[in-house]
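Asks: Residue numbers (UniProt numbering), protein chains in the order written: chain E, 1 to 233; chain Z, 1 to 233; chain B, 1 to 233; chain D, 1 to 233. Glycine is no exception: its CB is placed at the ideal position from the N, C-alpha and C atoms.
4 protein chains.
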Amino acid sequence: METDNAAEQQHEGEQWIEELLAISQEEKMTPKQIAILEAAIEIFSDKGYSAAATSEIAQKAGVAEGTIFRYYKTKKDLLLSIVGPTMSRMIAPFVMRNFDGVLDGPPESYEAFLRAFMVNRLEFARKNFKILKILIQEIPFQPALREQFAENVLGQVLERVTAITEHFKEKGEIIDMPTPAIIRFTVSSVIGYLLARLLFLPDSDWNDEEEIEQTLAFMLYGISGPAVRPETK
Amino acid sequence: METDNAAEQQHEGEQWIEELLAISQEEKMTPKQIAILEAAIEIFSDKGYSAAATSEIAQKAGVAEGTIFRYYKTKKDLLLSIVGPTMSRMIAPFVMRNFDGVLDGPPESYEAFLRAFMVNRLEFARKNFKILKILIQEIPFQPALREQFAENVLGQVLERVTAITEHFKEKGEIIDMPTPAIIRFTVSSVIGYLLARLLFLPDSDWNDEEEIEQTLAFMLYGISGPAVRPETK
Amino acid sequence: METDNAAEQQHEGEQWIEELLAISQEEKMTPKQIAILEAAIEIFSDKGYSAAATSEIAQKAGVAEGTIFRYYKTKKDLLLSIVGPTMSRMIAPFVMRNFDGVLDGPPESYEAFLRAFMVNRLEFARKNFKILKILIQEIPFQPALREQFAENVLGQVLERVTAITEHFKEKGEIIDMPTPAIIRFTVSSVIGYLLARLLFLPDSDWNDEEEIEQTLAFMLYGISGPAVRPETK
Amino acid sequence: METDNAAEQQHEGEQWIEELLAISQEEKMTPKQIAILEAAIEIFSDKGYSAAATSEIAQKAGVAEGTIFRYYKTKKDLLLSIVGPTMSRMIAPFVMRNFDGVLDGPPESYEAFLRAFMVNRLEFARKNFKILKILIQEIPFQPALREQFAENVLGQVLERVTAITEHFKEKGEIIDMPTPAIIRFTVSSVIGYLLARLLFLPDSDWNDEEEIEQTLAFMLYGISGPAVRPETK
DNA sequence: AATGAATGAGGCTTCATTCAT
DNA sequence: TATGAATGAAGCCTCATTCAT
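#1: Using only the alpha-carbon positions, how far apart do T54/E and A51/D sit?
#2: Closer than 9 Å between beta carbons: that is the criterion. Which residues of the segment 112-131 of chain B meet it against chain D?
#3: Go to T30/B, then tell me how far its alpha helix (DSSP H) extends in each direction, as first and last residue.
#4: Given a cut-off of 8 Å, decide if V157/E and F94/E are closer than it, judged by their beta-carbon atoms.
#5: Tell me which residues share the same chain as T179/E and place their Cβ nearer than 8 Å to its Cβ, disregarding the 5 neighbours each side in the sequence.
#6: Can you check whether the CB of A61/D is closer than 8 Å to the CB of E38/D?
#7: At which residues does the alpha helix (DSSP H) containing S81/D begin and terminate?
#8: Name the chain Z residues whose beta carbon is nearer than 8 Å to that of E173/E?
#9: With a threshold of 7 Å on Cβ separation, who are the neighbours of Y71/E within its own chain once the five nearest residues in sequence on each side are excluded?
#10: Going along chain B in order, which residues have a C-beta closer than 8 Å to the C-beta of L220/D?
#11: Could you name the residues of chain Z that M90/E contacts, counting a contact when the two beta carbons are closer than 8 Å?
#12: Using 8 Å as the cut-off, can you tell me whether the segment 75-92 of chain Z makes contact with the segment 131-144 of chain Z, which would need three or more C-beta pairs spanning the two stretches below that distance?
#13: Mind pulling the chain D residues with CB within less than 9 Å of F192/B?
#14: Taking C-beta to C-beta, are I139/E and F149/E nearer than 8 Å?
#15: Quick one: Cα of V153/Z to Cα of W206/Z, how far?
#16: Tell me the start and end of each unbroken alpha helix (DSSP H) in the segment 165-218 of chain D that is at least 4 residues and wholly inside, in chain order.
#17: Assign K171/Z to one of two classes, buried (16 or more other C-beta atoms within 10 Å of its C-beta) or exposed (fewer than that).
#18: Is it a yes or a no for the segment 110-123 of chain Z touching the segment 82-89 of chain Z, going by three-plus beta-carbon pairs under 8 Å?
#19: For E111/D and P31/D, I'd like the C-alpha separation in whole angstroms.
#20: Any beta-carbon of chain Z closer than 8 Å to the one on Q137/E?
#21: In whole angstroms, what is the alpha-carbon distance linking I41/Z and V187/Z?
#22: Check the DSSP bridge columns for S50/D and list the partner residues they point to.
#23: Exposed or buried, which one is E173/D when buried takes at least 16 other CB atoms within 10 Å?
#24: With I183/B and I223/D assumed to form a contact (beta carbons below 8 Å), what rounded beta-carbon distance in angstroms separates them?
#25: For S50/Z, return the contacting residues in chain E, with the cut-off set at a CB-CB distance below 7 Å.
#26: Using a cut-off of 9 Å between C-beta atoms, extract the partners of A177/Z located in chain E.
#27: For A92/Z, tell me which candidate among A125/Z, I43/Z, A58/Z has the shortest Cα-Cα distance.
#28: For E211/B, which of P202/B, K73/B, Y193/B, T74/B has the nearest alpha-carbon?
#29: Mind listing which residues of the segment 143-173 of chain B have their C-beta closer than 8 Å to chain D's C-betas, in chain order?
#30: Measuring alpha carbon to alpha carbon, tell me which residue in K127/D, I57/D, S109/D is nearest M90/D.
#31: Quick check on DSSP: helix, strand or coil for S109/B?
#32: For N61/E, would you say it is in contact with chain Z, using Cβ-to-Cβ distances shorter than 8 Å as the test?
#33: Exposed or buried, what is S109/E when buried is set at 16 or more other beta-carbons lying within 10 Å of its beta-carbon?
#34: Could you tell me the alpha carbon to alpha carbon distance between G48/E and R146/Z, rounded to whole angstroms?
#35: On the CB-based measure, 16 or more other CB atoms within 10 Å of its CB, does S45/E come out buried or exposed?
#36: Between A181/E and chain Z, is any beta-carbon pair separated by less than 8 Å?
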C-alpha cells in the first residue's frame, strides 16, 4: 500500500504499470513493449482509439514506428492487448471461489459484502482508470470486445452475482424483488459513485469511507425521509 | 403513443425524425439536409465520429459527398449540428418553470416528481437514443461539447435540481444527507434504468410502468429486507 | 479629365471602369456583367487566377454562382475576357498611324517621342494596373494569352518601334547600336520606372514629371559622371 | 564552363541540380528528396504553384504522393523549401564583404564593378532560372516570401548597393542624380537583359560578352547619337 | 435572365502497415 | 531485434460547372 501511494504520487494515473510489470515478468515483456503499452494507453484514453495515430504512440514510447508492429500485428491488436487482460482482471473477483481477495471468508452479511466489494473495485478502478475509459469507449464499436464482455460479464459474473443475491434474499436481508432489478440497482449505485469519484469530479475532496457508507445506506434504505417512511407513521 | 409505436416498428431507432421534422419546418431544412442528418446519426452512432467517413454518410443519404459540405462546413460541424440541439432539448424540462411539460403543476410529492421525471425522460431518451449515444461517446473528445455540457447541465440543471431536492428535504420527504449525494443516487438509478432498458437489453420484454415503480421504490426505501430493517427488529 | 480624377479619388485603382463602361455601351454589357468583371479583376489580381474561386467572385459581384457561367462559358473565358481587350488597348498607340493620341503629329525628336510615350503609357498603366498585373502573372501559363501577346506585341509593335528607332538612328539622334538592343534598353528603363512607380513603391511621393525627365536623361546620356566622360577629359 | 554546357544540353534547365547536390551533401538529402525537389521545381515553374498538383509532382519524381509529405509538411512548405534558400543565395554576393566571389578585390571602377556583377548574376540566374521564375511568380501571393524578400533585398542589399553607388558618385564616376534613381536605372537594365536573354528569347544566338559590353555602354553613356550629344555640338 | 442546389472529380493530407537494412 | 523510409488507400474538403426552376 505504501509503495502504491508513492507510485501514485510520482506519476498520477499510471498506477496500472505495477500490474503490467507483474504481467511483464510472467510474459517476458521487453522495456520497449511496456513503453508502447504505456504510450498507447495514454493516447487511446486521450483521443479515442480511432483518432489516435500509431506514429504518435511510437513517438511517445520512444520507439520507431515499425517497432509497434513487431509486437502487435495491427493497431487493433494493440487495443485488444490493452483492454483484454484488464477486462479479465476486472471480473477476477467474481470468478474466484468465495470472492477470494474480496472477502476472506464467506460474507457474513449482504451489507458487508457490498462494502468489501465497493472498496475493492474502487481501488481497482482507480489503478486502471485510463484503461477502463478506453474499454467503455470502445466496447460499442469493437465486436471482439463486446463478445468477450458478453461472455465473461453477462455470462459468468451475472451468474455468480445472481447466486449471491438470491442467497441473501432467502436469508431475508434483501427484499423480495426480481433479482435482475436488484442487481441493476446496486450496480448503478456503485458505478455512479465510481464515475463521480474518478471521472466527473476527480479533483473534489472525497472522503471515500464516508461516501461508501452513505452509498451503502442509500442502497439498503433509500432516501425517503421520516415524513414518508411507513414505519414512522 | 400508438402512432409512435408504429413509427418505431417501421424503422426502429429513427424516432428522432419526428422531432427533426418539427425543426425542419421551423428552420426550413431541405429533404437532402434531413437525409444527411439521418445518415450521419446512423453512422456516427454505429462507428463513432472518428471512424465514420463522410463518403459513407453521403452514400447512405443518397447525396454527393460535396453536398454534405454545402450544409455543414466541416465534419465536426455536422456532429455539432446533431448533438448541440439535442443537448438543449435534453435539459429543456429543467430550465422551464415548474417543470412544465413534466408536471402540470408544482409537484405534490417527491415521489410524484421522480415518477413524472422518469416517464418523461425515458420517452425522450427513447426518441433520441442514437443521438444520445453519440453525445456520450464524443463528449470526452470534443471540447466544444464539453463546454456546452458543463455550462448547461452542471450549470443550470444542477442548480434547479438542487433547489427541488432541498425543498423536499425541508418537507421531510428526503432524509438528511448531503444534497450532492442524493442527486447522485437518484441520477445513477434513473440512468441505470435507461441504459439497461435502451442500451444493454433493448430486446427484453420490459414492463416500463412496473420497472419505474420498482426503481422508485428502490430509490425511496432501498433493498434491505425484513431481516435487517431497523423498524422491524 | 476632371471627372477622371474624381473617380480616382473615390475608389483608387478602379479607374478601369471608365474604359469598361465605354466598352459596355458599345458591347451592351449588363450591370451584372460589369459587376462580375469588376469582382474578377479584384480577386484575380489579389490571389492569382488559379487560387481565385468563382464562388468568391460571384459573392463579391453580388450575383449567383451560376450567373457567371451565363456570361462566360468557363473560368478561363472570364480571364481572357479581362486581359484580352486590355492587351489590345495596351498596344493601341503602336498600331495607329503616327501614334495618334500619343503624338499629334510625327515626332520632332526622339526625346520628344520617348517623353510622350512615357507619359501616355504611365497613364494607361495606372488606370489598368490590376489588369496588367493579372496579365503579367498569367502570360506564362496561358497559351492563349502568350499567342495573342506574341502576335501583337512581338509582331506589330516591334515592327513599328523598330521603324521609329531606325528612323532616328538615321537622323543621328541615336547611336549606332543594334536596334533590338536599343529597344531593350528603352523598354527596360520605361518598364523599370512603371514597376517602381506603381508596384514596388506606390505609396512614395513621386514627382512624375521630374522622374520622367531623369529617366529620359538616363536613357539618352547614361549615368557616367565627369570623371569618366570621354568628352570631358 | 564546358562541363556546365554539357550538362545544359543533357537536360536543359536543370542546372540548378549542381547547386542542389552541393547542398544535399551538406544537408544529407536522400535521392528521393532530391527527385521531389527536382520535380516540384519543374512543375511549379511550368504551371504555377496553385495549379501544380502534388500528385503530379509525385509522379514526375517517381515517388508515392505520401512521400512528399514525409519531407515537407505541406505543399507550401515544399514551395518555401525551394525558393527560400535560393533567395538567400540570390543576394549572397551583396552581404559579403567586398563582394567576394564577384570581385576579387575592391572594385577599381564603377564600370568594372557593374561588369563583374552582370557576369556573376547572369551565371547565377542561368543556373537557377526556373526557381527564380517561381520566386517572381509567387512573391505577390505568399506573404512569407514577401517578408523574406523585403527583409533581405530591400533591407540588406539596398543598403549595400546604396553605399557602393554613393562611393562612386563621390569619386565622380557617376553623375549627381538621386541614388534611388540610379539604382533603378542600373537594376532595370541588368534585369532587362536577363529577362530578354533567359526568358523571352532564350533560343536566339546570344553573344553574352558583347551584349554585356553594350548594356554597360548604355548604362554609362546612354543611347543618344552624335546629333544630340551636347559635347559634340 | 438569373438563380443556387447539387454534383463529382480532383486536391491536399494522414496514417496504418510493410520491408530492406 | 529494431529501424524508419516508403507506400498508397482513404479521408476530408474545394470548386468549376450544370441544370431545374
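Replies: On the basis of the data shown:
#1: Walking along the first sequence from the start, residue 54/E turns up at place 54. Walking along the fourth sequence from the start, residue 51/D turns up at place 51. Between T54/E and A51/D, the C-alpha separation is close to 33 Å.
#2: Taking 9 Å as the Cβ-Cβ cut-off against chain D, none of the residues of the segment 112-131 of chain B qualify.
#3: Start at 1 with the first residue of the third sequence, and residue 30/B comes out as number 30. Note, T30/B: premise wrong, no alpha helix (DSSP H); not H, not E.
#4: Locating residue 94/E in the first sequence gives position 94, counting from the first residue. Locating residue 157/E in the first sequence gives position 157, counting from the first residue. In this structure, V157/E lies closer than 8 Å to F94/E by Cβ.
#5: If you number the first sequence from 1, residue 179/E lands on position 179. Only T162, T165, E166, K169 meet the Cβ criterion.
#6: Working through the fourth sequence from its first residue, we reach residue 38/D at position 38. Working through the fourth sequence from its first residue, we reach residue 61/D at position 61. Against a cut-off of 8 Å, the Cβ pair of A61/D and E38/D comes out as a contact.
#7: To locate residue 81/D, count along the fourth sequence from 1; it is residue 81. Taken as a continuous stretch (DSSP letters only), the alpha helix (DSSP H) holding S81/D covers 75-90.
#8: As a first step, residue 173/E is located in the first sequence; it is residue number 173 there, counting from the start. Within chain Z, the residues near E173/E are S224, G225, A227, V228.
#9: Taking the first sequence and counting its residues from 1, one reaches residue 71/E at position 71. If the five residues before and after Y71/E are omitted, its C-beta is found closer than 7 Å to the C-beta atoms of Q33, I36, all from its own chain and listed in chain order.
#10: By one-based count along the fourth sequence, residue 220/D stands at place 220. Neighbours of L220/D on chain B, chain order: G222, I223, S224, V228.
#11: Your numbering for residue 90/E matches position 90 in the first sequence. Per Cβ cutoff of 8 Å: no residues; M90/E is ~16 Å from chain Z at best.
#12: yes
#13: As a position in the third sequence, residue 192/B is number 192, starting the count at 1. At residue 192/B the sequence reads Gly, which differs from the Phe that was named. Within 9 Å Cβ-Cβ: R184, F185, V187, S188, S189, I191, G192.
#14: Mapped onto the first sequence, residue 139/E falls at position 139. Mapped onto the first sequence, residue 149/E falls at position 149. Yes. Within cutoff.
#15: As a first step, residue 153/Z must be located in the second sequence, where it is residue number 153. As a first step, residue 206/Z must be located in the second sequence, where it is residue number 206. Roughly 29 Å between the two C-alpha positions.
#16: 179-194
#17: Residue 171/Z sits at position 171 when you count from the first residue of the second sequence. K171/Z comes out exposed.
#18: no
#19: The count along the fourth sequence starts at 1 and reaches residue 111/D at position 111. The count along the fourth sequence starts at 1 and reaches residue 31/D at position 31. Distance between the alpha carbons of E111/D and P31/D is about 43 Å.
#20: On the first sequence, position 137 is the one that residue 137/E refers to. Yes, because at least one Cβ of chain Z sits closer than 8 Å to the Cβ of Q137/E.
#21: For this step, residue 41/Z is matched to residue 41 along the second sequence. For this step, residue 187/Z is matched to residue 187 along the second sequence. Cα atoms of I41/Z and V187/Z: separation of roughly 26 Å, rounded to the nearest angstrom.
#22: The count along the fourth sequence starts at 1 and reaches residue 50/D at position 50. According to DSSP, S50/D bridges with nothing at all.
#23: Sequence index remark: in the fourth sequence, residue 173/D carries index 173 (1-based). Result: buried.
#24: What you label residue 183/B is simply residue 183 of the third sequence in a count that begins at 1. What you label residue 223/D is simply residue 223 of the fourth sequence in a count that begins at 1. Contact doesn't hold; Cβ gap of about 10 Å is too wide.
#25: As a position in the second sequence, residue 50/Z is number 50, starting the count at 1. Correct list: G48, S50, A51.
#26: Translated into positions along the second sequence, residue 177/Z becomes position 177. Looking at the sequence provided, one finds Met at residue 177/Z rather than Ala. Under the 9 Å cutoff, chain E gives Q214, A217, F218, I223.
#27: Numbered from its first residue, the second sequence carries residue 92/Z at position 92. Ranking A125/Z, I43/Z, A58/Z by Cα distance to A92/Z puts A125/Z first.
#28: On the third sequence, residue 211/B is found 211 positions in, with the first residue counted as 1. Taking only the C-alpha atoms, the option nearest E211/B is Y193/B.
#29: Here the close residues are F168, K169, K171, G172, E173.
#30: For the purposes of this step, residue 90/D is taken as residue 90 along the fourth sequence, with counting starting at 1. Among K127/D, I57/D, S109/D, the Cα nearest to that of M90/D belongs to K127/D.
#31: Against the third sequence, residue 109/B aligns to sequence position 109. Reduced to three states, the DSSP call for S109/B is coil.
#32: Working through the first sequence from its first residue, we reach residue 61/E at position 61. It is worth fixing the name first, because residue 61/E is Ala in this sequence and not Asn. Not one chain Z Cβ lies under 8 Å of A61/E.
#33: Counted from its first residue, the first sequence places residue 109/E at position 109. Around the beta carbon of S109/E, fewer than 16 other beta carbons sit within 10 angstroms, so the residue counts as exposed.
#34: Counting from 1 along the first sequence, the entry for residue 48/E is found at position 48. Counting from 1 along the second sequence, the entry for residue 146/Z is found at position 146. Their Cα atoms are separated by approximately 15 Å.
#35: What you label residue 45/E is simply residue 45 of the first sequence in a count that begins at 1. With 16 or more Cβ atoms within 10 Å of its Cβ, S45/E is classed as buried.
#36: Translated into the one-based positions of the first sequence, residue 181/E becomes position 181. It does: the Cβ of A181/E has a partner Cβ on chain Z nearer than 8 Å.
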